[in-house]
Amino acid sequence: MKLMVVGGAGYIGSHTVRQLRRAGHEVVVFDNLSSGHAEALPPEVPLVRADLLDMAAVKAALETYQPDAVIHFAALIEVGESMRAPGRYYRNNVVGSLNLLQAIVETRKVPLVFSSTAAVYGTTDAVPIPEDAPLHPESVYGETKLMTERMIHAFHVAHGLPYVILRYFNVCGAAPDGSIGEAHPHKTHLIELACLTALGQRDKMMIFGDDYPTPDGTCIRDYIHVLDLADAHVLAVEALAQGQRDAATYNVGLGHGFSVLQVLDAVDAVIAQDGFPPLKREIAPRRPGDPPRLVADAHRIVDDLGFAPQFTELKEIVRTAWGWHRRHPQGYEQ
Numbered sequence: 001m002k003l004m005v006v007g008g009a010g011y012i013g014s015h016t017v018r019q020l021r022r023a024g025h026e027v028v029v030f031d032n033l034s035s036g037h038a039e040a041l042p043p044e045v046p047l048v049r050a051d052l053l054d055m056a057a058v059k060a061a062l063e064t065y066q067p068d069a070v071i072h073f074a075a076l077i078e079v080g081e082s083m084r085a086p087g088r089y090y091r092n093n094v095v096g097s098l099n100l101l102q103a104i105v106e107t108r109k110v111p112l113v114f115s116s117t118a119a120v121y122g123t124t125d126a127v128p129i130p131e132d133a134p135l136h137p138e139s140v141y142g143e144t145k146l147m148t149e150r151m152i153h154a155f156h157v158a159h160g161l162p163y164v165i166l167r168y169f170n171v172c173g174a175a176p177d178g179s180i181g182e183a184h185p186h187k188t189h190l191i192e193l194a195c196l197t198a199l200g201q202r203d204k205m206m207i208f209g210d211d212y213p214t215p216d217g218t219c220i221r222d223y224i225h226v227l228d229l230a231d232a233h234v235l236a237v238e239a240l241a242q243g244q245r246d247a248a249t250y251n252v253g254l255g256h257g258f259s260v261l262q263v264l265d266a267v268d269a270v271i272a273q274d275g276f277p278p279l280k281r282e283i284a285p286r287r288p289g290d291p292p293r294l295v296a297d298a299h300r301i302v303d304d305l306g307f308a309p310q311f312t313e314l315k316e317i318v319r320t321a322w323g324w325h326r327r328h329p330q331g332y333e334q
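The opening residue of the sequence shown carries number 1 in UniProt numbering; numbering runs sequentially from there.
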């Protein structure tokens, strides 16, 4: 297949581009490089440097490359920033997605795989969280993702647009060879922060709350390795192309979680093998809105698409992230 990956130079997008190519597909990337990196892409993959807010550029890319399907990653993703600058998030995430949808139905009505998030659920008592749990996002970021999900469904009803929506939980890790990995401008992910702390870029790790109703008192999250997530996109786009799915929404996770302390202990164990001392830690008050547990009920994607995560051991997940950050402590900048 010929596939257009929107936001394909970003963290998840670049790993997915590699997995798509390994599966034998042709790929073109559409990315404005606001947070993506051209260096993360294989040199032979065409890169259209343009923005989804430019409707003419979106249509031109679709008409030029004639993809058989589109995978849509492009979005601003920082929860805190979304609350401070909601206009930027609604414009980029919602209007940009609307432009893409409209361009698809006006030029090539091809299937769409959309990158969504567990943030659409908000705080919920359901553990693990099924896809039919109530949707109550608690941030502008989560709201923009939910709005886009609803737009996609509306385009499906009105125009017959086939789609798969993937809602994923805590994405982590890197390519095992250390060649590409996580390099967000704003560092907020636990494993990334821990690796950078080990490398001396931060003094210590802050643990926000140790009195939650969990076995060790710290929050539990479902961590999905970026390559497993990339494989989920391959399965989704192939199922759409083969007519096996017309409209579906899936959680993507391991179906079980790890606590903050478990993650930090795993990082300590991995970095110790390279002679690095344990991370300094400090307990801080809880952050507002942090639920005790966020774990995916991921049986649907396993049953429907045969999804089978390869990275299920926490130390192995951490080891891939550490390999990337140790080789590239400044990300793609060095």
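All residues carry an ideal CB built from backbone N, CA and C; glycine is no exception. Bear in mind that the values here come from a model prediction, so they are computed numbers and not experimental data.
For V127, there is no enclosing beta strand (DSSP E), since its DSSP letter is neither H nor E. For secondary structure counted as the beta strand (DSSP E) over 3 or more consecutive residues, the segment 55 to 79 holds these complete runs in sequence order: 69 to 72. The segment 148 to 159 and the segment 209 to 224 do not touch, with fewer than 3 CB-CB distances between them shorter than 8 Å. The residues A133, in chain order, have a CB closer than 7 Å to that of A126 in the same chain once the five nearest residues on each side in sequence are set aside.
When the Cα atoms are used, A247 and T123 turn out to be separated by approximately 26 Å. In this structure the segment 229 to 246 lies against the segment 303 to 312, because at least three pairs of beta carbons, one per stretch, are closer than 8 Å. Secondary structure of H15 (DSSP, three-state): helix. Taking C-alpha positions only, L294 is separated from E131 by approximately 13 Å. Between A85 and L47, the gap from beta carbon to beta carbon reaches 8 Å or more.
Relative to the Cα of S34, the nearest Cα in the group A50, P43, E44, Q19 belongs to A50. Runs of the alpha helix (DSSP H) lying entirely within the segment 125 to 164 and spanning at least 4 residues, in chain order: 140 to 159. A Cβ-Cβ distance of about 5 Å is found for the pair K59 and A103, placing them in contact under the 8 Å criterion.
The alpha-carbon separation between E182 and P176 amounts to approximately 12 Å. Assignment of S116 by DSSP, reduced to helix, strand and coil, places it in the strand class. Counted as a single uninterrupted DSSP element, the beta strand (DSSP E) harbouring Y223 occupies residues 223 to 225. Residue state for V237 is assigned as helix, using DSSP reduced to three classes. Counted as a single uninterrupted DSSP element, the stretch harbouring D304 is not any beta strand (DSSP E) but the alpha helix (DSSP H) occupying residues 299 to 305. Counted as a single uninterrupted DSSP element, the alpha helix (DSSP H) harbouring L101 occupies residues 96 to 107. Around F276, the same chain offers A198 as residues with beta carbons nearer than 7 Å, after the five sequence neighbours per side are excluded. With 16 or more neighbouring CB atoms inside 10 Å of its own CB, Q19 falls in the buried class. DSSP, read as helix, strand or coil, puts D265 in helix.
A284 and V260 have their C-alpha atoms roughly 13 Å apart. One thing to note: R88 has its Cβ within 8 Å of the Cβ of L76. Straight-line measurement puts the Cα of Y163 at about 21 Å from the Cα of H15. Burial state of V113 is buried, judged by a 10 Å Cβ sphere holding 16 or more other Cβ atoms. For a cut-off of 8 Å, the C-beta gap from V252 to L166 is around 5 Å, short enough to register as a contact.
Taking L135 as the centre and dropping the five residues before and after it, the same chain places the C-beta of V120, Y121, L146 closer than 7 Å to its C-beta, in chain order. Shortest Cα-Cα distance from L264 to any of M206, E39, R326 involves M206. Between the alpha carbons of P329 and V17 lies a distance of about 23 Å. Inter-residue distance for A239 and I152 is about 17 Å (C-alpha atoms, whole angstroms). Judged by DSSP secondary structure, C172 falls within the beta strand (DSSP E) whose first and last residues are 170 to 172. The DSSP-derived three-state label of I180 is coil. The beta carbon of K315 is closer than 8 Å to those of A266, A269, V270 in its chain, skipping five residues each way along the sequence.
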